[in-house]
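Taking it in order: structure first as structure tokens, then the write-up.
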Amino acid sequence: MSRVTLLTDFGTRDGYVAAMKGVIASIAPGVPIDDVSHDIPPGDIPSAAWALSRYWSRYPAGTVHLVVVDPGVGTERRALGALLDGRLLVAPDNGVATLALERASRWTAVSVQNENYVGPDRSATFHGRDIFAPAVAHLARGVPLGELGPPLAEPARYAFPAVIRQGGEARGEVVAIDRFGNAVTNVPGDWLGREARVHVGRAVLEVRGTYGEAASGEALALVNSDGLVEITVRDGAAAERLRIRRGSRIRVRGLRRGPENGL
Amino acid sequence: MSRVTLLTDFGTRDGYVAAMKGVIASIAPGVPIDDVSHDIPPGDIPSAAWALSRYWSRYPAGTVHLVVVDPGVGTERRALGALLDGRLLVAPDNGVATLALERASRWTAVSVQNENYVGPDRSATFHGRDIFAPAVAHLARGVPLGELGPPLAEPARYAFPAVIRQGGEARGEVVAIDRFGNAVTNVPGDWLGREARVHVGRAVLEVRGTYGEAASGEALALVNSDGLVEITVRDGAAAERLRIRRGSRIRVRGLRRGPENGL
Amino acid sequence: MSRVTLLTDFGTRDGYVAAMKGVIASIAPGVPIDDVSHDIPPGDIPSAAWALSRYWSRYPAGTVHLVVVDPGVGTERRALGALLDGRLLVAPDNGVATLALERASRWTAVSVQNENYVGPDRSATFHGRDIFAPAVAHLARGVPLGELGPPLAEPARYAFPAVIRQGGEARGEVVAIDRFGNAVTNVPGDWLGREARVHVGRAVLEVRGTYGEAASGEALALVNSDGLVEITVRDGAAAERLRIRRGSRIRVRGLRRGPENGL
Numbered sequence: 227m228s229r230v231t232l233l234t235d236f237g238t239r240d241g242y243v244a245a246m247k248g249v250i251a252s253i254a255p256g257v258p259i260d261d262v263s264h265d266i267p268p269g270d271i272p273s274a275a276w277a278l279s280r281y282w283s284r285y286p287a288g289t290v291h292l293v294v295v296d297p298g299v300g301t302e303r304r305a306l307g308a309l310l311d312g313r314l315l316v317a318p319d320n321g322v323a324t325l326a327l328e329r330a331s332r333w334t335a336v337s338v339q340n341e342n343y344v345g346p347d348r349s350a351t352f353h354g355r356d357i358f359a360p361a362v363a364h365l366a367r368g369v370p371l372g373e374l375g376p377p378l379a380e381p382a383r384y385a386f387p388a389v390i391r392q393g394g395e396a397r398g399e400v401v402a403i404d405r406f407g408n409a410v411t412n413v414p415g416d417w418l419g420r421e422a423r424v425h426v427g428r429a430v431l432e433v434r435g436t437y438g439e440a441a442s443g444e445a446l447a448l449v450n451s452d453g454l455v456e457i458t459v460r461d462g463a464a465a466e467r468l469r470i471r472r473g474s475r476i477r478v479r480g481l482r483r484g485p486e487n488g489l
Numbered sequence: 227m228s229r230v231t232l233l234t235d236f237g238t239r240d241g242y243v244a245a246m247k248g249v250i251a252s253i254a255p256g257v258p259i260d261d262v263s264h265d266i267p268p269g270d271i272p273s274a275a276w277a278l279s280r281y282w283s284r285y286p287a288g289t290v291h292l293v294v295v296d297p298g299v300g301t302e303r304r305a306l307g308a309l310l311d312g313r314l315l316v317a318p319d320n321g322v323a324t325l326a327l328e329r330a331s332r333w334t335a336v337s338v339q340n341e342n343y344v345g346p347d348r349s350a351t352f353h354g355r356d357i358f359a360p361a362v363a364h365l366a367r368g369v370p371l372g373e374l375g376p377p378l379a380e381p382a383r384y385a386f387p388a389v390i391r392q393g394g395e396a397r398g399e400v401v402a403i404d405r406f407g408n409a410v411t412n413v414p415g416d417w418l419g420r421e422a423r424v425h426v427g428r429a430v431l432e433v434r435g436t437y438g439e440a441a442s443g444e445a446l447a448l449v450n451s452d453g454l455v456e457i458t459v460r461d462g463a464a465a466e467r468l469r470i471r472r473g474s475r476i477r478v479r480g481l482r483r484g485p486e487n488g489l
Numbered sequence: 227m228s229r230v231t232l233l234t235d236f237g238t239r240d241g242y243v244a245a246m247k248g249v250i251a252s253i254a255p256g257v258p259i260d261d262v263s264h265d266i267p268p269g270d271i272p273s274a275a276w277a278l279s280r281y282w283s284r285y286p287a288g289t290v291h292l293v294v295v296d297p298g299v300g301t302e303r304r305a306l307g308a309l310l311d312g313r314l315l316v317a318p319d320n321g322v323a324t325l326a327l328e329r330a331s332r333w334t335a336v337s338v339q340n341e342n343y344v345g346p347d348r349s350a351t352f353h354g355r356d357i358f359a360p361a362v363a364h365l366a367r368g369v370p371l372g373e374l375g376p377p378l379a380e381p382a383r384y385a386f387p388a389v390i391r392q393g394g395e396a397r398g399e400v401v402a403i404d405r406f407g408n409a410v411t412n413v414p415g416d417w418l419g420r421e422a423r424v425h426v427g428r429a430v431l432e433v434r435g436t437y438g439e440a441a442s443g444e445a446l447a448l449v450n451s452d453g454l455v456e457i458t459v460r461d462g463a464a465a466e467r468l469r470i471r472r473g474s475r476i477r478v479r480g481l482r483r484g485p486e487n488g489l
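And the structure:
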């Protein structure tokens, strides 16, 4: 039996997410449905892309991931169906898949539109229920991805900020603040040399191996569980303490010798 | 295997919802349990009724829906068990089922009280765990609804505001604000003529087929995914922009010829 | 098939919880995973302990409970695996299990460290995904607890405030405020005599059997669904009305004759 996951910006209290679950359970009875989150800020495509990047490949092959963060519902944007290293993904084709596509070894994609699987009756405002949920359920039942629509050669990509490596220094930025106030950057951890320092605002932070190497309340940098440089405060909230937000610029000095660009 | 859904106003952090899930899993091992929401504002019966109206019939026949929004716990209010078009519902008999009952083609109801299924040991404050959860689990295992208690001919109804149609005009109100700031009204979308306009405060809104027909930031009206007139702002929050809240009065002009009352 | 439950302070929007679910589903395909909550205040060990105390024993034997509230991640704190009256628990060994351990009739514990089950590759910051989730999944598949590591004779205990019984009076405190604003105390309900009164600030509250015995808006005390004295306001929020917070001192007079200490 496949497993289905759901990531949306719907909140839960209006019952919209449950309507989607009901549609899925009607077509694929008994399928386990895991909530990822329904608390993505409304319409926040990069937040959804970062979240997806953290779990899509942790699930086993055959899992069907559904993402509905869809500020363009009711416009001409396409519906994306994709197979990434054995996991299936259904989402609006608006860039939420960008990081997952980058990190997959192999992927194929289609434009979901076969009315045998998405149904001819569609509201103008709730494609999550009327298009995406049925598509997901049919995939969970074993319908091949290619049945859902024609190939989609170039899924939409979100223009994430680039990290620049130049002159022995990396210039990047904070791409996400997590619930603990940790600031995730776009600088790869494997760029760091032994004496690397992270500059953010007026602060200059040492890079430690783990929280346990810092004193309570001390600001530090770490390579986080996704392999990225992260700014943190032991037993505290770095975003607040260091006045960092998404988009804050950072510089990292003391890099290892290596390629001059990347992520 | 049946599927169970849960809608409460308990929040999750205190562990009360998990206590209910544990009771259900003890009586009906392996049953899939879908969270709808635990974020209904405390005691807000109409919000729960609206949420329920959006998902109850999307689930397959045999699903057991549990709603625990129960400001009257510990008073004499009854416990409702119902069968609506093949789906089962267990809830306090306080009006949360009003809209689902209205929309079902057929329903039957009982007063849940058979101690073989709800257990003689009941706390005074947590019927969700001690009465509703066991009843739900037994229904999920296949116990017939009629075993749970005697018929309940007139389940409690919540007095939702009426929409009045008179003189070519509909007078209704905003019944819910969703997470995106969209304002759902109680005016049926199929009342609208081609040139209908929605009046709210000083604003006069055109009715469009979809968000894609409005400019970014434009206020408009739509027929939403439940068939009701909804006030929205493309890429924005209508409630904030137009200063609308639950209970705000609206008028719709330009109706189709039709019955002079309804919903 | 076992069932798994998850309690964390991660929030959901970053995708960390879903990464854990994916790891579990990869090792134990098809296992039902119930969310308890991901809204524990960051690092709040006593809140997690209270939540766990409310549901761990409601689930059937064989259930595997996972708690990840882990302010000490990356330090030397151990990983706890425990069997309590037939239910399994995996958590950081930091006191979150204190109340469950107290209430279990029988328990055994191990220090989770066998690399056959937790994997040799571990990030420094996300043991939930890299250590706890694999351990939970292997337990759900039927690996015996004793395989996960050596016995742990004295799991860490959180120093919950004591309740003192002296001179016919109990002196305790508020240990939790729930979502409804009810204030849970650490005074056992079975200490109360017929004429017991609860003193909190300047208020003196009668003890009633149920909400239905109070007028709307009236402050009262009850024995709650966990057997503890709780301060509440019918149709209102006691914490706000009576200006109570976690840690507020209370006294109860009018006790039954009985042991001079306890909980």
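Order-wise, the sequence lines are chains P, V and H. Mapping the first sequence onto the working numbering, position 196 (from 1) lands on 422, and the numbers just tick up by one. Mapping the second sequence onto the working numbering, position 138 (from 1) lands on 364, and the numbers just tick up by one. Mapping the third sequence onto the working numbering, position 65 (from 1) lands on 291, and the numbers just tick up by one. Here a beta-carbon is modelled for each residue, glycine too, at the ideal position from N, C-alpha and C. None of these values were measured; they are calculated from a predicted model.
Through-space distance from residue j to residue i, alpha-carbon basis
i: P/Gln-339; j: V/Tyr-437; result: 20 Å
i: P/Asp-461; j: P/Ala-447; result: 14 Å
i: V/Glu-373; j: V/Arg-284; result: 26 Å
i: V/Glu-466; j: V/Ala-429; result: 13 Å
i: P/Phe-386; j: V/Val-459; result: 27 Å
i: V/Ala-379; j: V/Thr-334; result: 8 Å
i: P/Thr-301; j: P/Asn-450; result: 38 Å
i: V/His-264; j: V/Ala-244; result: 11 Å
i: H/Asn-320; j: H/Lys-247; result: 22 Å
i: P/Ile-357; j: P/Arg-434; result: 47 Å
i: P/Ala-251; j: V/Arg-405; result: 24 Å
i: V/Gly-393; j: V/Val-299; result: 44 Å
i: V/Ile-457; j: V/Ala-464; result: 7 Å
i: V/Pro-318; j: V/Arg-355; result: 13 Å
i: V/Leu-232; j: V/Gly-345; result: 20 Å
i: V/Pro-255; j: V/Asn-412; result: 41 Å
i: V/Arg-332; j: V/Asp-260; result: 25 Å
i: H/Ala-359; j: H/Ala-305; result: 12 Å
i: P/Ala-445; j: H/Asp-347; result: 25 Å
Neighbourhood of residue i by C-beta distance below 8 Å, restricted to the same chain and skipping five residues each side
i: V/Ser-474; result: Glu-399, Val-400, Ala-409, Val-426 and Gly-427
i: V/Gly-453; result: Pro-414, Gly-415 and Asp-416
i: V/Ile-470; result: Val-400, Ile-403, Ala-409, Val-426, Gly-427, Ile-457 and Ala-464
Cβ separation of residue i and residue j, assumed to be a contact under 8 Å, to the nearest whole Å
i: P/Val-322; j: P/Val-230; result: Between P/Val-230 and P/Val-322 the Cβ distance is about 17 Å, and since that is not below 8 Å, they are no contact.
i: V/Arg-420; j: V/Leu-431; result: Contact doesn't hold; Cβ gap of about 15 Å is too wide.
i: V/Ala-396; j: V/Arg-477; result: 7 Å
i: H/Val-362; j: H/Leu-292; result: 5 Å
Residues near residue i by beta carbon distance below 6 Å, same chain, minus five either side
i: P/Ala-402; result: Trp-276 and Val-410
i: H/Tyr-242; result: Phe-236
i: V/Thr-238; result: His-264
i: H/Leu-365; result: Val-290 and Leu-314
i: P/Gly-312; result: Ala-287
i: P/Ala-350; result: Gly-300
Contacting residues, own chain, Cβ-Cβ under 7 Å from residue i (five flanking each side not counted)
i: P/Val-295; result: Thr-234, Asp-235, Ile-266, Gly-269, Asp-270, Ile-271, Ala-274 and Val-322
i: H/Ala-326; result: Leu-278, Ser-279, Trp-282, Leu-310 and Leu-315
i: P/Arg-482; result: Trp-417, Leu-418 and Gly-419
i: H/Ser-228; result: Val-257, Gly-288, Thr-289, Val-290 and Ala-366
i: P/Val-336; result: Gly-307, Leu-371, Gly-372, Leu-374, Gly-375, Pro-376, Pro-377 and Leu-378
i: H/Tyr-384; result: Ile-271, Pro-272, Ala-275, Gly-321 and Thr-324
Within chain B, the residues that residue i reaches when beta carbons sit closer than 9 Å
i: P/Arg-482; result: The question asks about chain B, but that chain is absent: this structure's protein chains are P, V and H.
Ranges of the beta strand (DSSP E) found wholly within the region 343–397 of chain H, counting only runs of at least 3:
Segments of the beta strand (DSSP E) lying fully in the region 343–397 of chain H: 390–392.
The region 245–256 of chain P: which residues have C-beta closer than 7 Å to a C-beta of chain V, in chain order?
Contact residues of the region 245–256 of chain P toward chain V are Ala-245, Lys-247, Gly-248, Val-249, Ala-251, Ser-252, Pro-255 and Gly-256 (C-beta to C-beta distance below 7 Å).
Under 7 Å, CB to CB, which of the residues in the region 408–440 of chain V have a partner in chain P?
Only Gly-435, Thr-436, Tyr-437 and Gly-438 from the region 408–440 of chain V bring a Cβ to less than 7 Å from some Cβ of chain P.
Which residues, taken in chain order from the region 259–272 of chain H, show a beta carbon closer than 7 Å to some beta carbon of chain V?
Listed in sequence order: Asp-260, Asp-261, Val-262, Ser-263, Asp-265 and Ile-266.
Residue ranges of each beta strand (DSSP E) within the region 227–278 of chain P, 3 or longer:
Every beta strand (DSSP E) stretch that sits fully inside the region 227–278 of chain P and reaches 3 residues is listed by chain position as 230–234 and 259–263.
Using a Cβ-Cβ cut-off of less than 8 Å, give me the residues of the region 284–297 of chain P that come near chain H, in sequence order.
Look at the region 284–297 of chain P: the residues with a C-beta under 8 Å from a C-beta of chain H are Arg-284, Tyr-285, Pro-286 and Thr-289.
Anything in the region 339–352 of chain V with a Cβ closer than 7 Å to a Cβ of chain H? List those residues in chain order, please.
Residues passing the 7 Å Cβ filter: Ser-349, Ala-350, Thr-351 and Phe-352.
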